[in-house]
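Written below as structure tokens is the structure these notes are about.
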Amino acid sequence: MTRNTELFERASNIIPGGVNSPVRAFRSVGGTPAFIERAQGPYIWDADNTRYIDYIGSWGPAILGHAHPEVVKAVQEAAANGLSFGAPTEAEIELAELISQRVPSMEKVRLVSSGTEATMSAIRLARGATGRDKIVKFEGCYHGHADSLLVKAGSGMLTFGNPTSAGVPAEFIQHTMVLDYNDLNAVEQAFKQAGDDIACVIIEPAAGNMNLVRPAEGFLEGLRELCTQYGALLIFDEVMTGFRVGPRSMQGLCGVTPDLTTLAKVIGGGMPVGAFGGQAGVMDHVAPLGSVYQAGTLSGNPVAVAAGLATLRLTAQPGFYDDLAAATARLTLGLSERAKAAGVTLATDALGGMFGLYFRETVPTSFAEVAASNTEQFNQFFHGMLAQGVHLAPSAFEAGFVSAAHDNTAIDATLQAAETVLTTMGQS
Ligand code: HOZ
Numbered sequence: 092m093t094r095n096t097e098l099f100e101r102a103s104n105i106i107p108g109g110v111n112s113p114v115r116a117f118r119s120v121g122g123t124p125a126f127i128e129r130a131q132g133p134y135i136w137d138a139d140n141t142r143y144i145d146y147i148g149s150w151g152p153a154i155l156g157h158a159h160p161e162v163v164k165a166v167q168e169a170a171a172n173g174l175s176f177g178a179p180t181e182a183e184i185e186l187a188e189l190i191s192q193r194v195p196s197m198e199k200v201r202l203v204s205s206g207t208e209a210t211m212s213a214i215r216l217a218r219g220a221t222g223r224d225k226i227v228k229f230e231g232c233y234h235g236h237a238d239s240l241l242v243k244a245g246s247g248m249l250t251f252g253n254p255t256s257a258g259v260p261a262e263f264i265q266h267t268m269v270l271d272y273n274d275l276n277a278v279e280q281a282f283k284q285a286g287d288d289i290a291c292v293i294i295e296p297a298a299g300n301m302n303l304v305r306p307a308e309g310f311l312e313g314l315r316e317l318c319t320q321y322g323a324l325l326i327f328d329e330v331m332t333g334f335r336v337g338p339r340s341m342q343g344l345c346g347v348t349p350d351l352t353t354l355a356k357v358i359g360g361g362m363p364v365g366a367f368g369g370q371a372g373v374m375d376h377v378a379p380l381g382s383v384y385q386a387g388t389l390s391g392n393p394v395a396v397a398a399g400l401a402t403l404r405l406t407a408q409p410g411f412y413d414d415l416a417a418a419t420a421r422l423t424l425g426l427s428e429r430a431k432a433a434g435v436t437l438a439t440d441a442l443g444g445m446f447g448l449y450f451r452e453t454v455p456t457s458f459a460e461v462a463a464s465n466t467e468q469f470n471q472f473f474h475g476m477l478a479q480g481v482h483l484a485p486s487a488f489e490a491g492f493v494s495a496a497h498d499n500t501a502i503d504a505t506l507q508a509a510e511t512v513l514t515t516m517g518q519s
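Residues in the sequence shown are numbered from 92 upward in steps of one, following our numbering.
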């Protein structure tokens, strides 16, 4: 029995499914998850000392690669000064200022500890600030696991074919309207019917929780116009895309300005940090200035903030995002070429340091198209790559992540592994 198998059995006796977040359990792809012992740069090592090139990157945060020395040093220094105070610190101001400089629509910022907290708080704020109850979300977009957002929510639930969670009373989601991603006409109709009741539209401006799905041309612009016209707030959930797809996040790339933005992942550099922010006039509804309550013992935790600050500062180096995007594109183009040569149908897409692999003819534009991809082939590819020492996300419905540490050596080794796996798939 391998050490991974031993650990998984032991974990399964005490932790539901043996994991602390469902997709990690390998249920949709089958097999035993790798229990990670250490990581460095683009590599992770499991409990059996097998090394993998990692394309999960902690599901986004590891944009510099694992255990970057400057981030580790910042964490060590902060930890030596105390782990948590439950009181404000200067570093929190620095992180909020840095976020606001790079994402100017976030005039004011509140730090929290996770993406779920950020989106849950942003929704409450939108409702409190507008005095309206209804929210619009899109099928396949995941905005954390708060009750009113767990409807047709992609990611883990999509992986397990159960798009809406049990345990959420129907009354809790009666105000959640779910529309198709990239269907502006549907949004227009929703506003025509219920415009005065809609507090906000929340969207992943490039979706990363139903694999990677880009916004169609004019879609985000259309949402902006409709929200402005009807007095609803536009929330960009940039938990995944924030500082991942470009220096100013997805809103910097698309040029559409939301009213509120949620962030997490990269802004914590691997430690638990989330944030929500936006127009000062809206943010001032948050307690203690306003009546929208939100709080957290570990919000702005000094060790986590130190990791986030060090990470964000390093991503500000000239050419950082160009290099990251070039490495990601090199990976996806290389995969496409090898799939074509092997006779395997595979579409790929890359956006900054994020990528999508779709076992179908074309890059999908909606949840329905993603759902129609060949998951059996994905599973075959996933396990083939794992056996070759490349760790992709264990689900056909998650985006992949490249880091600044994925150098030519790592990408070439990945492409060589893919050639072997795709050739075998093409022959079967
Ligand atoms: N489904 C989550 C990412 N989209 C997984 C997070 C985790 O397992 O850490």
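All residues carry an ideal CB built from backbone N, CA and C; glycine is no exception.
{"Asked": "Status (buried if at least 16 other CB within 10 Å, exposed otherwise) for F229", "Found": "buried"}
{"Asked": "Contact set for P133: own chain, Cβ-Cβ below 8 Å, skip 5 residues either direction", "Found": "I144, D145, G156, H157, S494, A496, H497, D498 and A501"}
{"Asked": "Continuous alpha helix (DSSP H) stretch holding L424: start and end", "Found": "F411 to A433"}
{"Asked": "Own chain partners of A438 with C-beta closer than 7 Å, once the 5 adjacent residues on each side are dropped", "Found": "Y449, R451, E452, T453 and V454"}
{"Asked": "Residue range of the unbroken beta strand (DSSP E) whose run includes K199", "Found": "K199 to V203"}
{"Asked": "Of the residues R305, G346, G313 and L98, the one placed nearest D440, counting alpha carbons only", "Found": "R305"}
{"Asked": "Contacting residues, own chain, Cβ-Cβ under 6 Å from G313 (five flanking each side not counted)", "Found": "L275"}
{"Asked": "Bridge-paired residues (DSSP) for Q131", "Found": "Y134"}
{"Asked": "Sequence-distant residues of the same chain with beta carbon closer than 7 Å to V512, five excluded per side", "Found": "F472, G475, M476 and Q479"}
{"Asked": "K243, DSSP secondary structure in three states", "Found": "coil"}
{"Asked": "Classification of R201 by the beta-carbon crowding that lies within 10 angstroms, buried from 16 upward", "Found": "buried"}
{"Asked": "R115 beta carbon near the ligand SAH (any heavy atom closer than 6 Å)", "Found": "Of the ligands one can find in the structure shown, namely the ligand HOZ, none is the ligand SAH."}
{"Asked": "Heavy atom of the ligand HOZ within 6 Å of W150 beta-carbon", "Found": "yes"}
{"Asked": "Secondary structure of R118, DSSP reduced to three states", "Found": "coil"}
{"Asked": "Reference I135, options T123, S149 and G122, closest by Cα", "Found": "S149"}
{"Asked": "Near the ligand HOZ: S78 beta-carbon under 6 Å from a heavy atom", "Found": "Residue 78 lies beyond the range of the chain shown here (92 to 519); nothing can be said about it."}
{"Asked": "From L351, H482 and T332, residue whose alpha carbon lies closest to that of G443", "Found": "T332"}
{"Asked": "Where V278 sits in the DSSP three-state scheme", "Found": "helix"}
{"Asked": "L380 classed as buried or exposed, judged by whether at least 16 other C-beta atoms fall within 10 angstroms", "Found": "exposed"}
{"Asked": "Same chain, Cβ closer than 7 Å to F263, five either side skipped, listed in chain order", "Found": "D238 and S239"}
{"Asked": "L400 versus S112, I147, F117 and P152, residue with shortest Cα-Cα distance", "Found": "P152"}
{"Asked": "Three-state secondary structure assigned by DSSP to G444", "Found": "coil"}
{"Asked": "Cβ-Cβ distance between T514 and A433 below 7 Å", "Found": "yes"}
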